[in-house]
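Heads up, the working numbering is the position in the sequence shown plus 10, with the first residue counted as 1.
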Amino acid sequence: LGGLHILGTSRHESRRIDNQLRGRSGRQGDPGSSRFYLSLEDDLLRIFGSDRLSSIMDRLGMEEDEPIEHGMVSRAIENAQRKVEGHNFDIRKHLLEYDDVMNKQREVIYSQRREVLAGESVRPIIDDMIDDLVAEAAAEFAQGKVPSEEWDWPALEERLGQVFNLQLDWTVEERQDLDRDTLTEKLREAVDQAYARQEERNGVEQTRQLERMVLLQIVDALWKEHLLHMDHLKEGIGLRGYGQKNPLNEYKREGYNLFMRMVGAVKQHTISNLMRIQLVQDDELARMEAERRQERERELEQARLLAGAAKADETQAERRPVQRAEDKVGRNALCPCGSGKKYKKCCGQTA
Numbered sequence: 011l012g013g014l015h016i017l018g019t020s021r022h023e024s025r026r027i028d029n030q031l032r033g034r035s036g037r038q039g040d041p042g043s044s045r046f047y048l049s050l051e052d053d054l055l056r057i058f059g060s061d062r063l064s065s066i067m068d069r070l071g072m073e074e075d076e077p078i079e080h081g082m083v084s085r086a087i088e089n090a091q092r093k094v095e096g097h098n099f100d101i102r103k104h105l106l107e108y109d110d111v112m113n114k115q116r117e118v119i120y121s122q123r124r125e126v127l128a129g130e131s132v133r134p135i136i137d138d139m140i141d142d143l144v145a146e147a148a149a150e151f152a153q154g155k156v157p158s159e160e161w162d163w164p165a166l167e168e169r170l171g172q173v174f175n176l177q178l179d180w181t182v183e184e185r186q187d188l189d190r191d192t193l194t195e196k197l198r199e200a201v202d203q204a205y206a207r208q209e210e211r212n213g214v215e216q217t218r219q220l221e222r223m224v225l226l227q228i229v230d231a232l233w234k235e236h237l238l239h240m241d242h243l244k245e246g247i248g249l250r251g252y253g254q255k256n257p258l259n260e261y262k263r264e265g266y267n268l269f270m271r272m273v274g275a276v277k278q279h280t281i282s283n284l285m286r287i288q289l290v291q292d293d294e295l296a297r298m299e300a301e302r303r304q305e306r307e308r309e310l311e312q313a314r315l316l317a318g319a320a321k322a323d324e325t326q327a328e329r330r331p332v333q334r335a336e337d338k339v340g341r342n343a344l345c346p347c348g349s350g351k352k353y354k355k356c357c358g359q360t361a
């Protein structure tokens with residue numbers, strides 16, 4: 011039967027698509043043929059090279075509807091396709107560079123999650139978090155050459171209360187002659203004692219389970235928020251180019267800052283929750299449930315009493331006899347309006 015004849019109404023941006031059409035014209039070993047019809051107003055020619063072809067047609071005096079068949083035109087179209095392919099390749103390469111930033115952050119988070127899920131205990135991770143938070147607090151409030159008596163102790167106590175649920179009971183003498191290293195050691199000792207009391211209160215085995223559960227929940231929640239923030243950053247980062255800045259470098263820099271902020275939030279939220287969680291024992295839980303049940307029964311009984319009292323008031327109001335404000339006037343009696351007529355002939359007609 012021979013090959014097929016392909017009629018194309020345009021040329022694709024990719025040469026691969028056009029070559030596929032040409033290749034499919036062959037059938038059962040017989041070669042086919044192909045012909046493409048293009049306009050100088052097509053997107054491919056309009057963006058790349060249509061002005062030059064139009065000027066050539068004007069110099070040669072060719073009409074608008076006159077077909078052009080020349081190797082130069084085919085080469086110009088192929089050059090335009092190469093430019094489009096190169097442009098698309100640069101776009102994909104640029105997207106990969108942006109995605110590489112998220113991939114590196116994702117590897118860090120996923121490796122930590124796998125460590126939490128596969129490890130027997132996450133206590134070493136918790137200890138590292140406590141070390142980092144204590145060191146950050148000491149570095150922020152223990153300023154270089156400023157004497158320890160002049161440090162912002164109220165702000166430090168507020169920070170310790172927020173993060174570690176810890177109240178400092180140091181005397182004035184204990185706060186004197188301190189440097190950053192000494193403050194770090196004393197704070198770490200106080201936090202360790204508070205965590206040991208928390209562990210003793212909740213139980214060692216239960217605390218290990220709490221550490222794993224709390225850490226996973228906080229990492230998952232903050233990681234989802236971080237992904238949303240990174241998407242928002244990516245949407246508007248291209249505008250940095252108007253400020254003579256490389257958008258990719260700006261995206262890397264701000265993405266790193268957002269990631270480090272998220273890591274710090276994970277540490278702070280994890281330790282803060284672990285220092286505040288108090289497990290309820292079975293007997294205490296049963297007692298609390300009994301108290302709630304009794305309170306609920308008292309509320310229901312009070313509601314029934316109020317409903318019964320309201321119903322009794324309604325019944326009494328229904329049984330109360332109707333009392334007239336004035337005496338009843340007979341039909342044949344004189345009308346009280348003073349007309350001298352009988353009631354039935356006067357006001358009684360409208361009653």
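Beta carbons: idealized from backbone N, C-alpha and C, even for Gly.
Inset, instruction - Could you check if Ile27 is buried or exposed, using at least 16 other CB atoms within 10 Å of its CB as the buried criterion? - result: Translated into the one-based positions of the sequence shown, residue 27 becomes position 17. Exposed.
Legend entry - Span separating the alpha-carbon of Leu105 from that of Trp180: Along the sequence shown, one-based indexing puts residue 105 at 95. Along the sequence shown, one-based indexing puts residue 180 at 170. Cα to Cα, Leu105 sits roughly 55 Å from Trp180.
Legend entry - Host beta strand (DSSP E) of His22 (start-end): By one-based count along the sequence shown, residue 22 stands at place 12. No beta strand (DSSP E) contains His22, which DSSP labels as neither H nor E.
Inset, instruction - For Ser44, write down the residues that DSSP places opposite it in a beta bridge. - result: Sequence index remark: in the sequence shown, residue 44 carries index 34 (1-based). Ser44 is bridged by DSSP to Ile16.
Legend entry - Where Arg218 sits in the DSSP three-state scheme: For the purposes of this step, residue 218 is taken as the residue at position 208 of the sequence shown. DSSP places Arg218 in helix when its eight states are reduced to three.
Inset, instruction - Using 10 angstroms around the beta-carbon of Phe99, count the other beta-carbons present and answer buried if the total reaches 16, otherwise exposed. - result: Here residue 99 refers to the residue found at position 89 when the sequence shown is read from its first residue. Answer is exposed; the Cβ neighbour count stays below 16.
Legend entry - CB-CB length for Leu48 against Arg21, believed under 8 Å: Counting from 1 along the sequence shown, the entry for residue 48 is found at position 38. Counting from 1 along the sequence shown, the entry for residue 21 is found at position 11. Going by Cβ atoms, the distance from Leu48 to Arg21 rounds to 6 Å, so yes, they are a contact pair.
Inset, instruction - Measure the alpha-carbon distance for Ala152 versus Gln304 and round it to whole angstroms. - result: In the sequence shown, counting from the first residue as 1, residue 152 sits at position 142. In the sequence shown, counting from the first residue as 1, residue 304 sits at position 294. Rounded to the nearest angstrom, the two C-alpha atoms are 53 Å apart.
Legend entry - For Leu55, the three-state DSSP class (helix, strand or coil): Counting from 1 along the sequence shown, the entry for residue 55 is found at position 45. Three-state result, Leu55: helix.
Legend entry - Three-state class that DSSP yields for Lys351 in the structure shown: As a first step, residue 351 must be located in the sequence shown, where it is residue number 341. Three-state result, Lys351: coil.
Legend entry - Where His242 falls, given that 16 or more other Cβ within 10 Å makes a residue buried: Locating residue 242 in the sequence shown gives position 232, where the first residue counts as 1. By the 10 Å Cβ count, His242 comes out exposed.
Inset, instruction - Pull up the distance between the alpha-carbon of Arg123 and that of Leu226, whole angstroms please. - result: Indexing the sequence shown from 1 puts residue 123 at position 113. Indexing the sequence shown from 1 puts residue 226 at position 216. As the crow flies, the alpha-carbon of Arg123 is around 7 Å from that of Leu226.
Legend entry - C-alpha gap between Ser131 and Asp141, whole angstroms: Translated into positions along the sequence shown, residue 131 becomes position 121. Translated into positions along the sequence shown, residue 141 becomes position 131. The alpha-carbon atoms of Ser131 and Asp141 are separated by roughly 17 Å.
Legend entry - Nearest to Lys155 (by Cα), restricted to the options Asp137, Gly171, Ala148, Asp189: Locating residue 155 in the sequence shown gives position 145, where the first residue counts as 1. Selected option, being the one with the closest Cα: Asp189.
Legend entry - Environment of Ile281 [buried if 16+ CB atoms lie within 10 Å]: By 1-based counting over the sequence shown, the position of residue 281 is 271. Looking at its Cβ environment, which holds 16 or more other Cβ atoms inside 10 Å, Ile281 is buried.
Legend entry - Distance, His239 Cα to Val126 Cα: Stepping through the sequence shown from its first residue, residue 126 is reached at position 116. Stepping through the sequence shown from its first residue, residue 239 is reached at position 229. C-alpha separation (whole angstroms): 25 Å.
Legend entry - For Arg37, three-class secondary structure by DSSP: Indexing the sequence shown from 1 puts residue 37 at position 27. Arg37: strand per DSSP, three-state reduction.
Inset, instruction - Using 10 angstroms around the beta-carbon of Val224, count the other beta-carbons present and answer buried if the total reaches 16, otherwise exposed. - result: The residue labelled residue 224 in the question sits at position 214 within the sequence shown. Answer is buried; the Cβ neighbour count reaches 16.
Legend entry - Nearest to Gln38 (by Cα), restricted to the options Gly18, Ser44, Leu14: Stepping through the sequence shown from its first residue, residue 38 is reached at position 28. For Gln38, the nearest C-alpha among the options comes from Leu14.
Inset, instruction - Report yes if the CB atom of Tyr261 is closer than 8 Å to the CB atom of Ile247, and no otherwise. - result: Position 251 of the sequence shown, counted from the first residue, corresponds to residue 261. Position 237 of the sequence shown, counted from the first residue, corresponds to residue 247. Cβ atoms of Tyr261 and Ile247: closer than 8 Å.
Inset, instruction - Express the C-alpha separation of Lys196 and Leu170 in angstroms, rounding to a whole number. - result: As a working note, residue 170 is residue 160 in the sequence shown. As a working note, residue 196 is residue 186 in the sequence shown. Per the coordinates, the alpha-carbon of Leu170 lies some 13 Å from the alpha-carbon of Lys196.
Legend entry - Rounded straight-line distance, which links the Cα of Leu344 to that of Lys351: In the sequence shown, residue 351 corresponds to position 341, counting from 1. In the sequence shown, residue 344 corresponds to position 334, counting from 1. In a straight line, the C-alpha of Lys351 is about 6 Å away from that of Leu344.
Legend entry - Beta-carbon proximity check, Met139 vs Lys277, cutoff 8 Å: Translated into the one-based positions of the sequence shown, residue 139 becomes position 129. Translated into the one-based positions of the sequence shown, residue 277 becomes position 267. Cβ distance < 8 Å, so Met139 and Lys277 count as in contact.
Legend entry - Neighbourhood of Thr19 by C-beta, 7 Å cutoff - its chain only, sequence neighbours within 5 removed: Translated into positions along the sequence shown, residue 19 becomes position 9. Listed in chain order, the non-local C-beta contacts of Thr19 below 7 Å within the same chain comprise Tyr47, local neighbours out to five positions each way being set aside.
Inset, instruction - Classify Thr192 as buried or exposed, calling it buried when 16 or more other Cβ atoms lie within 10 Å of its own Cβ. - result: To locate residue 192, count along the sequence shown from 1; it is residue 182. Result: exposed.
Inset, instruction - State the DSSP-derived secondary structure class of Leu284, mapped to helix, strand or coil. - result: Locating residue 284 in the sequence shown gives position 274, where the first residue counts as 1. The answer is helix: DSSP assigns Leu284 an H, G or I state.
Inset, instruction - Go to Pro164, then tell me how far its alpha helix (DSSP H) extends in each direction, as first and last residue. - result: Within the sequence shown, the letter at position 154 stands for residue 164. Run containing Pro164: 163-174, per the alpha helix (DSSP H) assignment.
Legend entry - Beta-ladder partner(s) of Leu344, from DSSP: Walking along the sequence shown from the start, residue 344 turns up at place 334. Partner(s): Lys352.
Legend entry - Beta-carbon proximity of Glu23 to Gln91, cut-off 8 Å: Along the sequence shown, one-based indexing puts residue 23 at 13. Along the sequence shown, one-based indexing puts residue 91 at 81. If you check the CB distance, Glu23 and Gln91 come in under 8 Å.
Legend entry - Residue span of the alpha helix (DSSP H) that contains Arg133, given as start and end: Along the sequence shown, one-based indexing puts residue 133 at 123. Unbroken alpha helix (DSSP H) run through Arg133: 133-151.
Inset, instruction - Run the CB neighbour count on Glu307, radius 10 Å, all protein chains shown included, and call it buried at 16 or more, exposed below. - result: Position 297 of the sequence shown, counted from the start, is the residue given in the question as residue 307. Exposed, by the Cβ-count rule.
Inset, instruction - Over the uninterrupted alpha helix (DSSP H) stretch that includes Ile87, give me the two end residues. - result: Here residue 87 corresponds to residue number 77 of the sequence shown, with the count starting at 1. In the DSSP assignment, Ile87 falls within the unbroken alpha helix (DSSP H) covering 81-128.
Legend entry - The alpha helix (DSSP H) enclosing Lys196, as first and last residue numbers: The residue given as residue 196 occupies position 186 in the sequence shown. That run of the alpha helix (DSSP H) goes 190-212.
Inset, instruction - Please name the residue in Asp110, Leu220, Glu210 whose C-alpha comes closest to that of Leu258. - result: Residue 258 sits at position 248 when you count from the first residue of the sequence shown. Distances from the CA of Leu258 to each of Asp110, Leu220, Glu210 were compared; the closest alpha carbon is that of Asp110.
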